[in-house]
Each structure stands twice: as structure tokens, then as C-alpha cells.
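**Q** Please find one structure pasted underneath; my questions will follow.
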Amino acid sequence: MSLYTITGAQLAFGHVALLDHADFSLEAGERVGLIGRNGAGKSSLLKIVADLTKPDDGLVTRQQGLTSVYVPQEPEFDTDDTVFEAVAAGLTHARELLDQYDAVANQLADEPEGPEHDALMSRMNTLQSALDHSDAWNWSTRVATTLQQIGLNGEARVGSLSGGMQKRVALARALVVQPDVLLLDEPTNHLDFDGIRWLEELLVSLRAGLLFITHDRAFLDRVATRIVELDRGRLLSYPGNFSAYQTRKAQQLEVEQVEAAKFDKLLAQEEVWIRKGVEARRTRSVGRIARLVQMRNERAERRNVQGNVKLDVGQGEKSGKIVAELTDVTKRYGSRTVVDNFTATVMRGDKIGFVGPNGAGKTTLLKMILGELPPDEGTVRIGTNLQVAYFDQMRAQLDLDKSLADTISPGSEWVEVNGQKKHVMSYLGDFLFAPERARSPVKSLSGGERNRLLLARLFARPANVLVLDEPTNDLDIPTLELLEELLTEYDGTVLLVSHDRAFLDNVATSVIASEGAGKWREYVGGFTDWQIQRDRSQQMAQEAQKEAAKEVASKDGSASGAGRNTQRAAKLSFKDQRELEALPAKIAALEAEQKTIGAQLEDGSVFAKDAQEGTRLTERYAAIDEELLIALERWDELENKRK
């Protein structure tokens, strides 16, 4: 039996139907990812399941005694509370029951036997059953255990925590309830890569039913067992993760197009027939007319696919070949070193992703690259003819009281993109803003709509360097994919800060990653390439340490043995001698090959021309690292053997 079922739900906001006879069910242990356009009604559906709002019509059924907990996109806390108090707030009902039980127990102690005493005993038994059912006796232990599992300090003040840590507190407050159904609205917001990975592991291990809204495609792939798409008021279900959904959705759209074309052709034939005149008294003609009326109604009710955002960035003049050159730069804030002795060159056309935990210094490094922040040590050389456009993470550039039209084109009704003039109403239409909303204030927009408006403003201005700080927050998946396509084809330079792993993989040609303690390193490729190279480097470093330890132990043993004259150094065989003589040439050839590949990868154009070749070169570059290590270790071993 389903934990929760909605049948024929209807919900409208003004004249817009968010739910149109929609059906939905959630089974025990299912992890359902809810996707759809911004403003489609996803959060409204989540609140219906959480019993925080009701549909206008339709049947809602849930299992008796079902416990569901809703974690909103921006959880609210009393900032003066400790983390322990904030998490314990999830057990408010259980603690109230316990307080009532204590009060009844105190009354019983003073009440002589009689009707009042019996009533109190009955009340006490009822409370005891409720306390047993909710496991409220050990509420304090449950809170402490949950804090330990999630890695939170119960004594810390909530107000002193970062957005990512507050998100963890909100999840702990939900999980301490031990719900049957967990409802999450954009759970990855404010989390860095480590936080997202932690959340993925946590949710995959949960036994509760899970319904969550997210636009993070990698998160959907890892966590979801089913995708439900809210599309023009209907809920469409696709078993499997996001990758499986993409395949099925593409097939479904192809079938829809074929069926719609057949229908339209038949309708056109019938329209021609009726215009020729018919004998209305003949039964066959009457039936055919009735069918034509029905077909016209079906055509009018057909739910056409909602249009996509039309993205086109204003291309500025070409910048100089070198955008920025950093040499041994260091930046400190007090005793903390944010950037330590970093060297890099940003070339025209580079698309660089900056990755690292929250607070690592990504924004600081960006500002130094753009010459907005001087380093404490080292030099920064800025290129010529830079036209920089910013996408601000906190949307501070938007005046909330201005209208959408004034935000895009203040004092004018026209926008010029790539030399072509466009009316501001038409331009806003490209970003899915209806003409009647053009005079609405920015503050009336949702988070996703504000992001879309900021993109519209950004792309209306000519630029050859785009600085995008968390551009993917609140954007729906179709818009994300179009933005990826635009940035991939963009001729200018892109500097990108994002926690969206799929977005980084699809856009970035290299990654500058925080290695901790102010150290930064550049890797070729996107997010996945960085992970592979980083893990491989760490593994090689560990192996090198082990070999060094073995060598020290071996030398200690040799010295001891030499003192006792118990053993003599072994001589090289003919085969080993030949191998030793060939190794320097082999090492030189590998280093030359790696240098050649490195130059191709640094250029970045190989990824645009042939993505598969770019991937092959990246893998070969990493493989040469391993071959060089093996060759150098073998050369060292044979040299020591010869001595």
C-alpha cells in the first residue's frame, strides 16, 4: 500500500493551473526527485504532501499514523538558540506529551482514590501509550545521537553558523523525528561539494520515503529511484534516476510529435471536407461532423510544450590573448592565508571553474585575477581590452523596486544584442517573461525568476569576460542546459564559481581547486576530471611515501648488515644492465609526450573541436604520470642495485 496518494488534484494560482487533474503516489523506501520549470508548482505540491496546504479539488489519502517532515528551501531558526535546542525543536510534540505525563503523575500523587483518581489514571495510560509510540522517553538521547551522526556541535549558536551548516541543522531537526516521509525543497542550496556528497550518502541510507525538489542533475542521478516531472499541470512518472529520465523523455517527445503531426493532418483533411458542403440529414455525415467538432476541441486542449528561454550573449570586442597572469601571488586576512604562492595564466577563451569548500577564498582569487584586489605578495598582470560582465550570487545588482523593463534597459525601450536592436518586451519574452509582467517590480519575482532576469541583464551587455558566481542557483533544468550550450559556444573567457557538478563538467575546460591551507592548483578538464586527477595524485603521493619509508628501512638494514659483513651488494644481470641503459631515453620520451599533450590541453580548443579527443588526451596525460613514476622508481632501484 502507498504511504501517500493524490488523485485528480487541481490547484490554480490566479488563471494559471499548477495542478490539472494530477495523480501522485509515494511508496515506502522510494526516493522521488520532483523536477519542472520555475513557477510550475513544485513547492506547492510539496506543501500539499506535507499537509501545509490543500488542493482546490481532488482526493488525498495517507496511511494512518504517517509522520512526514518538511524542510523548506530557506529554513528559519531563532539565531540565539544552541544547535541542540534547534534540533530538539523537532520533538516539541513529544516533549509536550512528557510534560503532560509528569503533570498528571504529580496530580495522582496528591489525589485520593475516587472518580478523579480513576480519570487521571486513564489519562496517564493514554499519555504513556502515546509516549511509547513516539519513543519520547529518550528524546534527549535521540537529539544527541542525531547531532553526532550529522557532525554538529550541540553547544554552538545557530546564528554563528554558515548557510551550509544551518542546512545541516535543519536536516537534523527533521531526522530526529524519525519520519516515515521526508520532504526536501532544494536541499543542496548553500552546501559545498563535501556537504553535497555527505547529504547524498545520508539520503541513500535512509529507510524513510523521500520526496525532494532539486535542479542538481548529479544529485538526482545519485539519489533518486524515480523522477516525477510536473509539466503543464500534469505529473509524469519515470522510473530510475535522471539519466534514465532523459532517455525516456526524449523518446516520449518524439512519439508526441509524430502523433500530433498525424492528428493535424487528419484534422486539416476534415476541415477541407466540411467546407465542400455536406448532406446533414445523412447519418454518416452527421457522425463525421460530430467527430470533427470533437477533434477541434482536442486540438484546442492540446498542451503544447512550454517554450525555452532564448539565450544569446552580447559579444564584446576581443580581449588580449592573455587575460591575466598571476606570479607567486599570496593573500592573507589577518593570520589566515587564503591564497599561498599561486601562479597561473588565464588565456582568452579559457573557461575556468573555481572549486573548493565554502570560505576557501574562491571569490578572493577571482578578484585578484580581475585586478580588483591587490595581492600581499607576488604580481598580477592584467590583459588588455577587458570588458567584464558579472553574475552576482546574492543578486545584489538588482533593485527590487525597479520594473523588469527598467532593469534590462533603463530609460529606453530597446535592447541591442550583437548589433541587432530588439524591443525590451520581446527581449523579456525570450526569457519567458510575459509582456504584462514587464512593468512589475523585481521584488514580485521568485528566486529562479530573479536569476533569469539577471541573466537577461547580463547578456544584454557586450562583454568578453563573463564572471559567473553560482549562476545555477534556482534555475530549472532546461534553462541550465541552454546556458551550458551558450557558454560552450561563447568565444570569450568564462570564470565560473559553481557547486553544480554536471554544469562544471559540461562548461569548464579547466578547474582551479583549493588544496587546503591557501594552496590552489589548476587541473585540465571539468569537475569529474579534477576528481580523478586529484585522487590519482593523492594515491601516487601515498605510494611514494611508502616507497620512501621502505628505502629508509632498507638502507638501515644494509648499514647494519655491512657492519657485520653478512651480505654484499648484488651485481646487475645482463638483462638489468640493458634495461638501465634504456630507461633515460624512455623517461625523456614520456616527458616530451606529456609536454606536447599539456600544450594541446592548455590551448583548450581541442575540447571544442573534438570532445572525445580532449577526453582521450586528458586520460593519456594522467597515464603518463603513472608511467613516469614507475620508470623513475625502476631506474632508482637498478642504480642502487649497481652500487
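Sequential numbering of the sequence shown, starting at 1, is according to full-length UniProt numbering.
Cβ atoms here follow ideal geometry from the backbone N, Cα and C, with glycine treated the same way.
Just to confirm the assignment, what range does the beta strand (DSSP E) spanning Thr7 have?
**A** Segment 4-13, the beta strand (DSSP E) holding Thr7.
**Q** Considering only residues of the same chain and omitting the five flanking positions on each side of Thr79, which have a CB-CB separation below 6 Å?
**A** Val158, Gly159
**Q** Taking the alpha-carbon positions, what's the Asn473 to Gln387 distance?
**A** Our two residues, Asn473 and Gln387, have alpha carbons roughly 24 Å apart in a direct line.
**Q** Given a threshold of 16 other Cβ atoms within 10 Å of its Cβ, counted over all protein chains shown, does Arg642 qualify as buried or as exposed?
**A** exposed
**Q** Using only alpha-carbon positions, find the residue among Ile587, Glu613, Ile48 that is nearest to Asp625.
**A** Ile587
**Q** Taking only three categories from DSSP, how would you classify Leu628?
**A** Here Leu628 sits in helix by DSSP.
**Q** If Leu326 sits next to Thr343, beta carbons under 8 Å apart, how far is it from one beta carbon to the other, in whole angstroms?
**A** Contact flag correct, Cβ pair sits at about 6 Å.
**Q** Quick check on Glu449: buried or exposed, where buried means 16 or more other Cβ atoms within 10 Å of its Cβ?
**A** buried
**Q** Which residues in the same chain as Gly179 place their Cβ atom closer than 8 Å to its Cβ, once the five residues preceding and following it in sequence are excluded?
**A** It should be noted that the sequence gives Pro, not Gly, for residue 179. If we look at Pro179 and ignore the five residues flanking it on each side, its Cβ neighbours are Thr67, Ser68, Val69, Ala208.
**Q** Taking DSSP as the reference, what is the three-state secondary structure of Trp520?
**A** strand
**Q** Is the number of C-beta pairs between the region 182-198 and the region 212-232 that are closer than 8 Å three or more?
**A** As far as the Cβ criterion goes, the region 182-198 touches the region 212-232, which means the pair count is three or higher.
**Q** I'd like the span of the alpha helix (DSSP H) that includes Val69, first residue to last.
**A** Taken as a continuous stretch (DSSP letters only), Val69 belongs to no alpha helix (DSSP H), being part of the beta strand (DSSP E) at 68-71.
**Q** Within the same chain, show all residues whose beta-carbon is closer than 6 Å to that of Lys321, passing over the 5 residues directly before and after it, in chain order.
**A** Arg348
**Q** Just to confirm, is the Cβ distance from Asp535 to Thr618 under 8 Å?
**A** no
**Q** For Glu489, which three-state DSSP category applies?
**A** helix
**Q** Closest to Gln10 by CA distance: which of Gly29, Glu30, Lys54 is it?
**A** Lys54
**Q** With a threshold of 8 Å on Cβ separation, who are the neighbours of Ser162 within its own chain once the five nearest residues in sequence on each side are excluded?
**A** His190, Asn358, Gly359
**Q** Leaving out five residues before and five after Arg31 in sequence, what residues of the same chain have Cβ atoms less than 6 Å from its Cβ?
**A** Leu210, Val223, Ala224, Thr225
**Q** Please work out which residues of its chain come closer than 7 Å, Cβ to Cβ, to Lys362, disregarding the five sequence neighbours upstream and downstream, and give them in chain order.
**A** Phe354, Gly356, Val497
**Q** Alpha carbon to alpha carbon, how far is Leu365 from Leu495?
**A** As the crow flies, the alpha-carbon of Leu365 is around 11 Å from that of Leu495.
**Q** At what residues does the alpha helix (DSSP H) containing Phe84 begin and finish?
**A** 83-88
**Q** Counting pairs of Cβ atoms below 8 Å between the region 36-56 and the region 258-276, do you hit three or more?
**A** no
**Q** For Asn385, which residues from the same chain have a beta carbon less than 8 Å from its beta carbon, with the 5 sequence-adjacent residues on both sides left out?
**A** Glu317, Lys318, Ser319, Gly320, Asn464
**Q** So what's Asn138 in DSSP terms, helix, strand or just coil?
**A** Coil, per DSSP.
**Q** When you compare the region 36-45 with the region 59-66, are there three or more beta-carbon pairs, one atom per stretch, that lie closer than 8 Å?
**A** no
**Q** According to DSSP, is Ala360 part of a helix, a strand, or is it coil?
**A** Coil at Ala360, not helix or strand.
**Q** Could you tell me the distance, in whole angstroms, from the CA atom of Glu551 to the CA atom of Arg634?
**A** 13 Å
**Q** What's the call for Val442, buried or exposed, on a 16-neighbour Cβ count within 10 Å?
**A** buried
**Q** How about Val467 and Phe527: are their beta carbons less than 8 Å apart?
**A** no
**Q** Sort Leu59, Ala28, Leu26, Gly33 by Cα distance to Thr7 and report the nearest one.
**A** Leu59
**Q** Residue range of the alpha helix (DSSP H) that Glu229 falls in?
**A** Run containing Glu229: none in the alpha helix (DSSP H); it sits in the beta strand (DSSP E), 226-231.
**Q** Quick check: Leu147 and Val204, are their CB atoms within less than 8 Å of each other?
**A** no
**Q** Which residues in the same chain have their Cβ closer than 7 Å to the Cβ of Gln533, if we skip the five residues on either side of it in sequence?
**A** Tyr523, Ala622
**Q** What is the DSSP secondary structure of His215, counted as helix, strand or coil?
**A** coil
**Q** Between which two residues does the alpha helix (DSSP H) carrying Leu161 extend?
**A** Counted as a single uninterrupted DSSP element, the stretch harbouring Leu161 is not any alpha helix (DSSP H), since DSSP gives it neither H nor E.
**Q** Could you give the distance in angstroms between the alpha-carbon of Thr61 and the alpha-carbon of Ala405?
**A** 45 Å
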